[in-house]
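Following: one structure in structure tokens, then a few remarks.
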Amino acid sequence: MSFHKQVTEKGIDNLKRFNCYSYLTLTLDNEQLNTNATINNERITQFHCFLSIQTLAQLRLWDKVDTKAWKAPIGVDAVFNLLTKNIIKHKHTPTTLKRWCGCAMFWYEHNVNNNLSEALLEFRVGRTVSYSLPSDNLIALLSPKISPVESASFYHFKSDINVKLPNKSLRTSRSTISLISSQFYDELKAIFQKSNSKHKISPSKMTEFLIHFLDMYQLESWQVIFVEWLIYKLQSCKVSTTKNYFQILIKDWNLLNTIHNLTLQTDSEAIEALYQQQIDRHKTEKSKNFFTKRLQDLHGFCSSNLNLPPIGDEFFHVNHNQKHTRSGLISDPLFTQLLTHINTLTDINAFDKLALQSICIISYRCGLRINEIYKLQMRNIHSCSVGWIEVRPNQFGDNKSASSLRKVPLFPLLLKHEESIVSEYLRYKREIAKNTVTPLFNIGDDINKPFDKFSVSSYVGAFLKAASGLSHLVFHHLRHSCLTRLQLMLELKDANKVFPYFYSYAEEQHARIHSLIFKKTLTQGYWEISQFAGHESPEMTFKHYFHFSDLLAAPSANYYQQSLTLENAMKQGFLSRRQFQYINSKVNNVTVAHAYKRLIRSLHIQSVVDMKEPMNQPTVNLINANKERYSIELCHSILESISQGIDIQTLAYKYRLKQETIDKWLKNTNYLKSLESNTSINNPGLKTYHRHFHHSRENALTPGRLKTKEEKEYIKKFNIKLRDYYPKHIKEIQGQILYALTHRSINQSGILFSSPKALTTFISELSFAIPKSHWRAITLYMKSSTIKTEWKESLKGLKTISGKEGVITGRSGHGSVRLELISPTEQKMIQNNHMTKYSSHLLVYILYFTFVMVANIDDMN
Numbered sequence: 015m016s017f018h019k020q021v022t023e024k025g026i027d028n029l030k031r032f033n034c035y036s037y038l039t040l041t042l043d044n045e046q047l048n049t050n051a052t053i054n055n056e057r058i059t060q061f062h063c064f065l066s067i068q069t070l071a072q073l074r075l076w077d078k079v080d081t082k083a084w085k086a087p088i089g090v091d092a093v094f095n096l097l098t099k100n101i102i103k104h105k106h107t108p109t110t111l112k113r114w115c116g117c118a119m120f121w122y123e124h125n126v127n128n129n130l131s132e133a134l135l136e137f138r139v140g141r142t143v144s145y146s147l148p149s150d151n152l153i154a155l156l157s158p159k160i161s162p163v164e165s166a167s168f169y170h171f172k173s174d175i176n177v178k179l180p181n182k183s184l185r186t187s188r189s190t191i192s193l194i195s196s197q198f199y200d201e202l203k204a205i206f207q208k209s210n211s212k213h214k215i216s217p218s219k220m221t222e223f224l225i226h227f228l229d230m231y232q233l234e235s236w237q238v239i240f241v242e243w244l245i246y247k248l249q250s251c252k253v254s255t256t257k258n259y260f261q262i263l264i265k266d267w268n269l270l271n272t273i274h275n276l277t278l279q280t281d282s283e284a285i286e287a288l289y290q291q292q293i294d295r296h297k298t299e300k301s302k303n304f305f306t307k308r309l310q311d312l313h314g315f316c317s318s319n320l321n322l323p324p325i326g327d328e329f330f331h332v333n334h335n336q337k338h339t340r341s342g343l344i345s346d347p348l349f350t351q352l353l354t355h356i357n358t359l360t361d362i363n364a365f366d367k368l369a370l371q372s373i374c375i376i377s378y379r380c381g382l383r384i385n386e387i388y389k390l391q392m393r394n395i396h397s398c399s400v401g402w403i404e405v406r407p408n409q410f411g412d413n414k415s416a417s418s419l420r421k422v423p424l425f426p427l428l429l430k431h432e433e434s435i436v437s438e439y440l441r442y443k444r445e446i447a448k449n450t451v452t453p454l455f456n457i458g459d460d461i462n463k464p465f466d467k468f469s470v471s472s473y474v475g476a477f478l479k480a481a482s483g484l485s486h487l488v489f490h491h492l493r494h495s496c497l498t499r500l501q502l503m504l505e506l507k508d509a510n511k512v513f514p515y516f517y518s519y520a521e522e523q524h525a526r527i528h529s530l531i532f533k534k535t536l537t538q539g540y541w542e543i544s545q546f547a548g549h550e551s552p553e554m555t556f557k558h559y560f561h562f563s564d565l566l567a568a569p570s571a572n573y574y575q576q577s578l579t580l581e582n583a584m585k586q587g588f589l590s591r592r593q594f595q596y597i598n599s600k601v602n603n604v605t606v607a608h609a610y611k612r613l614i615r616s617l618h619i620q621s622v623v624d625m626k627e628p629m630n631q632p633t634v635n636l637i638n639a640n641k642e643r644y645s646i647e648l649c650h651s652i653l654e655s656i657s658q659g660i661d662i663q664t665l666a667y668k669y670r671l672k673q674e675t676i677d678k679w680l681k682n683t684n685y686l687k688s689l690e691s692n693t694s695i696n697n698p699g700l701k702t703y704h705r706h707f708h709h710s711r712e713n714a715l716t717p718g719r720l721k722t723k724e725e726k727e728y729i730k731k732f733n734i735k736l737r738d739y740y741p742k743h744i745k746e747i748q749g750q751i752l753y754a755l756t757h758r759s760i761n762q763s764g765i766l767f768s769s770p771k772a773l774t775t776f777i778s779e780l781s782f783a784i785p786k787s788h789w790r791a792i793t794l795y796m797k798s799s800t801i802k803t804e805w806k807e808s809l810k811g812l813k814t815i816s817g818k819e820g821v822i823t824g825r826s827g828h829g830s831v832r833l834e835l836i837s838p839t840e841q842k843m844i845q846n847n848h849m850t851k852y853s854s855h856l857l858v859y860i861l862y863f864t865f866v867m868v869a870n871i872d873d874m875n
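According to our numbering, the sequence shown holds residues 15 to 875 in order.
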């Protein structure tokens with residue numbers, strides 16, 4: 015009837031189209047359906063009625079009707095009687111308009127659109143409920159317009175509800191007497207009973223009683239704020255009115271905070287669900303409305319002090335018998351802009367940016383709820399090519415339901431730049447988190463504490479609203495987008511052509527994901543999506559997460575490629591004889607698409623996509639996908655794992671590296687292991703020793719780990735500076751590192767130089783990361799040196815210690831210098847161990863792993 019009302023009262027001027035789809039947006043007046051859109055602060059139920067070409071042909075005839083000579087029927091019965099006026103009735107003939115339309119849908123499915131799946135047929139006949147997108151959101155998907163967001167602060171977006179409070183902070187009590195919830199109720203009830211018909215108390219006196227009550231007991235924050243609210247109401251209300259408010263709200267407020275832990279909720283949807291549950295406890299419409307207004311007042315008062323997440327103001331202005339489905343989808347350009355904006359945030363570090371981007375990516379591509387991402391641990395993501403994510407309960411949170419226990423694929427669902435972001439985050443995280451129960455995602459210094467859900471949700475929601483201009487978008491719509499995208503994958507061929515800004519999977523990736531998730535039949539496909547989403551059945555997924563069921567139930571592009579005969583074209587009202595013959599003379603094969611173009615012109619159907627202004631998909635280079643980024647600590651972990659017998663392919667999956675990269679590292683390591691030196695050991699014979707490994711570590715692939723925090727920090731800074739400097743000085747860096755590694759011995763610290771020029775060059779080449787003040791030179795055999803002046807010049811600015819001086823008489827030589835890197839913990843070590851100097855293996859550690867990661871043995875040979 016909504017369609018009938020729209021056409022008869024408002025006409026067909028609002029017909030819109032994109033691709034091969036034409037639709038009319040209807041507002042449904044049915045309290046049994048959820049609302050799904052908000053217009054002018056009013057929640058309504060919007061439905062996009064996608065029209066077949068047969069319907070368009072009938073609308074063209076309708077448009078020619080003389081409304082003065084013929085009046086449209088009014089009411090359901092009148093419409094039904096007119097439709098069935100000339101039909102012979104028998105016992106199986108439908109007796110209502112709803113049943114008649116259902117039968118017509120079955121006929122249409124069998125005779126016109128026989129590719130319609132059983133699930134969508136159930137939707138079309140009304141047995142399964144699914145809600146359309148708000149009209150502005152649909153247009154934003156088809157033709158995205160993204161506004162710049164100026165703020166570059168992550169925590170700028172974390173704002174509380176702006177409410178007027180009598181005090182800036184909660185009143186505190188010095189008392190140590192606490193109350194259980196039942197006593198709290200009894201004590202407050204006793205205070206209000208002091209005022210009755212025989213003995214009335216003024217608001218000011220009641221305020222004194224309540225303040226005294228706060229001072230007398232040690233209360234929890236939710237109890238304090240409730241009493242504060244009562245005091246606040248006494249400023250403008252009578253005692254009897256405030257007493258009534260107390261009686262209406264106290265039990266629900268107590269239940270919300272003791273059973274449901276209201277103050278621990280971080281998601282707006284969770285708060286609304288709890289409030290809705292309390293509203294539904296009231297029987298009559300009058301009591302529901304009264305309770306809702308009081309709850310709104312209390313929520314606005316306490317939200318700031320209790321740090322509750324903001325909820326939509328429209329929540330308190332709806333018929334609470336009619337629930338709301340948050341229909342909403344996020345386009346790929348908008349999501350890419352979100353990832354790009356995260357890179358510009360100034361108040362979180364690079365690692366936290368990767369974490370925030372990865373959280374958004376996993377929700378947008380894998381459909382995980384924010385609570386599910388929050389409680390993921392290191393052990394919940396598999397080290398394999400698919401990267402299966404396990405959603406399991408643990409100490410950080412329970413699953414929402416038994417159906418939420420599941421595994422979902424990760425890497426096959428990601429676009430190339432998204433995979434680079436997640437892979438880099440996992441590499442960093444696995445370097446620093448050795449415990450498998452460590453939270454997978456953290457933002458901040460404490461890696462053992464999951465991220466703040468409220469901050470993440472607030473930032474993402476605020477950005478999406480500001481960038482898109484759509485006030486209904488929140489973090490949870492990332493999940494909506496994932497599940498609706500899977501429905502498109504299941505039902506719509508060439509989805510990337512119909513929705514180029516929402517469905518970005520290329521044909522090869524589409525086929526790979528389809529074979530991974532779906533089986534053979536379309537019916538099974540919907541069960542698999544519901545399992546993927548963590549739902550008990552597809553009914554929940556249809557009702558809350560599928561927003562293109564209306565479109566998918568309409569004929570697809572393939573239907574419009576069918577050939578038309580003159581008889582069919584005229585019989586169905588598509589084309590006149592003259593039009594058909596004209597088109598046939600031009601193309602020699604008239605199709606449904608030719609008739610559709612004619613109907614578009616005659617009905618003046620407006621395109622929602624601006625064809626004159628093509629849109630450019632954001633192509634910001636978030637991360638260079640072809641360049642892996644790694645650190646010395648990562649290299650150490652991988653080589654150490656190889657020496658313990660772990661398979662290289664397993665390590666490549668775990669740390670998200672190319673296997674060729676690890677093979678190169680291993681090859682360079684074996685080269686360094688092959689370097690040997692001849693050392694005299696108190697006898698005339700010479701024995702061969704490794705240059706870098708003591709005999710106790712001859713089977714190891716790496717030097718021993720650094721032990722102090724200062725040394726690890728030094729390594730980290732060196733690694734950061736090397737990344738920028740190395741690409742422009744490849745040959746110089748490789749040459750100096752190779753020299754150092756072939757001129758040192760396991761028996762002595764430092765690097766041996768027999769030429770002043772070589773020493774100067776080495777220090778100069780490494781000055782980008784190691785200043786001159788960090789070096790110490792130990793001179794050897796300088797008394798007999800013939801180049802003392804050159805040595806003196808090269809040692810300027812260095813801390814110098816005299817080693818073996820040699821003798822003046824006898825054979826002369828050049829002398830030599832052993833260069834050491836002063837340990838960052840030298841002062842501490844000297845003080846605690848009575849040493850005169852201290853040089854750890856930090857220098858060799860740096861040069862060894864730098865060579866392993868950057869050298870190319872084949873080129874050097």
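Cβ atoms here follow ideal geometry from the backbone N, Cα and C, with glycine treated the same way.
The structure displayed is predicted, hence computed values, not measured ones.
Would DSSP call T774 helix, strand or coil? Here residue 774 refers to the residue found at position 760 of the sequence shown. Correct three-state label for T774: helix.
N582 versus H524: straight-line alpha-carbon distance, rounded: In the sequence shown, counting from the first residue as 1, residue 582 sits at position 568. In the sequence shown, counting from the first residue as 1, residue 524 sits at position 510. Taking the straight line joining both Cα atoms gives about 37 Å.
Residue range of the beta strand (DSSP E) that R444 falls in? If you number the sequence shown from 1, residue 444 lands on position 430. Not the beta strand (DSSP E): R444 falls in the alpha helix (DSSP H), residues 430-446.
Tell me, please, whether the stretch 569-589 touches the stretch 67-87 by the rule of three or more beta-carbon pairs shorter than 8 Å. yes
Under the DSSP definition of a beta bridge, which residues are partnered with F64? Here residue 64 is taken as the residue at index 50 of the sequence shown, counted from 1. Y37, per the DSSP bridge assignment.
Please confirm if the stretch 728-744 is in contact with the stretch 668-676, defined as three or more CB-CB distances below 8 Å between the two stretches. no
For L320, name the three-state secondary structure that DSSP assigns. Taking the first residue of the sequence shown as position 1, residue 320 is located at position 306. Note: L320 maps to coil in three-state DSSP.
Any 3 or more C-beta pairs closer than 8 Å across the stretch 558-572 and the stretch 483-502: yes
Look at the alpha carbon of N682 and the alpha carbon of V866, and state the distance between them as a whole number of angstroms. Along the sequence shown, one-based indexing puts residue 682 at 668. Along the sequence shown, one-based indexing puts residue 866 at 852. Distance between the alpha carbons of N682 and V866 is about 5 Å.
Report yes if the C-beta distance between L773 and V831 is below 8 Å; otherwise report no. As a position in the sequence shown, residue 773 is number 759, starting the count at 1. As a position in the sequence shown, residue 831 is number 817, starting the count at 1. It is a contact, given that the beta carbons lie within the stated cut-off.
Take R598 and list the residues in its own chain whose beta-carbon comes closer than 7 Å to its own, dropping the five residues that flank it on each side. To locate residue 598, count along the sequence shown from 1; it is residue 584. A small fix is needed here, since residue 598 is Asn in this sequence, not Arg. The answer, listed in chain order, is V604.
Express the C-alpha separation of H226 and S377 in angstroms, rounding to a whole number. By 1-based counting over the sequence shown, the position of residue 377 is 363. By 1-based counting over the sequence shown, the position of residue 226 is 212. When rounded, the distance between both Cα atoms is 49 Å.
Is it true that the CB of A481 sits closer than 8 Å to the CB of S165? Your numbering for residue 165 matches position 151 in the sequence shown. Your numbering for residue 481 matches position 467 in the sequence shown. Their beta carbons are not under 8 Å apart, which means S165 does not touch A481 by this criterion.
Cβ-Cβ distance between W84 and V21 below 8 Å: Residue 84 sits at position 70 when you count from the first residue of the sequence shown. Residue 21 sits at position 7 when you count from the first residue of the sequence shown. No.
Sequence-distant residues of the same chain with beta carbon closer than 6 Å to K414, five excluded per side: Locating residue 414 in the sequence shown gives position 400, where the first residue counts as 1. For K414, where only same-chain residues beyond five positions count, there are no Cβ hits under 6 Å.
Nearest to S397 (by Cα), restricted to the options I662, Q658, L766: Position 383 of the sequence shown, counted from the first residue, corresponds to residue 397. Checking every option, the nearest Cα to that of S397 belongs to I662.
Mark T255 as exposed unless 16 or more other C-beta atoms lie within 10 angstroms of its C-beta, in which case mark it buried. For the purposes of this step, residue 255 is identified with residue 241 of the sequence shown, where counting begins at 1. Answer is exposed; the Cβ neighbour count stays below 16.
Rounded to the nearest angstrom, what separates V858 and N462 at their Cα positions? In the sequence shown, counting from the first residue as 1, residue 858 sits at position 844. In the sequence shown, counting from the first residue as 1, residue 462 sits at position 448. Going from the Cα of V858 to the Cα of N462 covers about 32 Å.
For Q20, does the three-state DSSP call read helix, strand or coil? Stepping through the sequence shown from its first residue, residue 20 is reached at position 6. Helix, per DSSP.
Tell me the rounded alpha-carbon separation between N385 and L29. Here residue 385 refers to the residue found at position 371 when the sequence shown is read from its first residue. Here residue 29 refers to the residue found at position 15 when the sequence shown is read from its first residue. Approximately 41 Å, taken between the alpha carbons.
Around the Cβ of N55, are there at least 16 other Cβ atoms within 10 angstroms (buried) or fewer (exposed)? Here residue 55 refers to the residue found at position 41 of the sequence shown. Flag for N55 reads exposed.
DSSP three-state label for T69, please. If you number the sequence shown from 1, residue 69 lands on position 55. Residue state, collapsed to three classes: helix.
Give the C-beta separation of I435 and Q371 to the nearest angstrom, bearing in mind that I take them to be a contact with Cβ-Cβ under 8 Å. As a first step, residue 435 must be located in the sequence shown, where it is residue number 421. As a first step, residue 371 must be located in the sequence shown, where it is residue number 357. With 8 Å as the limit, I435 and Q371 qualify as a contact, their Cβ atoms being about 5 Å apart.
Applying the criterion that 16 or more other CB atoms from any shown protein chain within 10 Å of the CB defines a buried residue, is R57 buried or exposed? If you number the sequence shown from 1, residue 57 lands on position 43. With 16 or more Cβ atoms within 10 Å of its Cβ, R57 is classed as buried.
Taking the alpha-carbon positions, what's the N321 to C380 distance? In the sequence shown, the residue the question calls residue 321 occupies position 307. In the sequence shown, the residue the question calls residue 380 occupies position 366. Whole-angstrom Cα-Cα distance: 29 Å.
A133 versus E553 - alpha carbon distance: Position 119 of the sequence shown, counting from 1, holds the residue named residue 133. Position 539 of the sequence shown, counting from 1, holds the residue named residue 553. If you take the alpha carbons of A133 and E553, they lie about 10 Å apart.
Straight-line CA distance for R138 to G116? The residue labelled residue 138 in the question sits at position 124 within the sequence shown. The residue labelled residue 116 in the question sits at position 102 within the sequence shown. Spanning the two alpha carbons is a distance of roughly 8 Å.
State whether the stretch 344-358 contacts the stretch 288-302, with contact taken as three or more CB pairs (one from each stretch) at a distance under 8 Å. no
Run through DSSP, which three-state label would S518 get? Stepping through the sequence shown from its first residue, residue 518 is reached at position 504. In this structure, S518 counts as coil in the three-state DSSP scheme.
Would I248 and M220 qualify as a contact pair, given that the criterion is a beta-carbon distance under 8 Å? Mapped onto the sequence shown, residue 248 falls at position 234. Mapped onto the sequence shown, residue 220 falls at position 206. Ile is not the amino acid found at residue 248; the sequence shown has Leu there. For L248 and M220, yes; Cβs fall inside 8 Å.
How is H706 classed by DSSP in three states: helix, strand or coil? Sequence index remark: in the sequence shown, residue 706 carries index 692 (1-based). Looking at H706 - three-state DSSP - the assignment turns out to be coil, as it is neither helix nor strand.
Just verifying my parser: in three-state terms, what is the DSSP assignment at N603? Translated into positions along the sequence shown, residue 603 becomes position 589. Residue state, collapsed to three classes: coil.
If I'm right that S759 touches H828 with Cβ under 8 Å, what's the distance once you round it to whole angstroms? As a first step, residue 759 is located in the sequence shown; it is residue number 745 there, counting from the start. As a first step, residue 828 is located in the sequence shown; it is residue number 814 there, counting from the start. Actually they do not touch by this definition, with Cβ atoms about 19 Å apart.
Our contact map puts E647 next to H490 with C-beta atoms below 8 Å; I'd like the distance itself, whole angstroms only. To locate residue 647, count along the sequence shown from 1; it is residue 633. To locate residue 490, count along the sequence shown from 1; it is residue 476. About 36 Å separates the two Cβ atoms, so there is no contact after all.
How would you call F120, buried or exposed, if buried means at least 16 neighbouring beta carbons within 10 angstroms? Numbered from its first residue, the sequence shown carries residue 120 at position 106. It is exposed - the Cβ of F120 has fewer than 16 other Cβ atoms within 10 Å.
Enumerate in chain order the residues of its own chain whose CB-to-CB distance from N2 is below 7 Å, with the five nearest sequence positions on each side excluded. No statement about residue 2 is possible, as the shown extent of the chain runs from 15 to 875 and does not include it.
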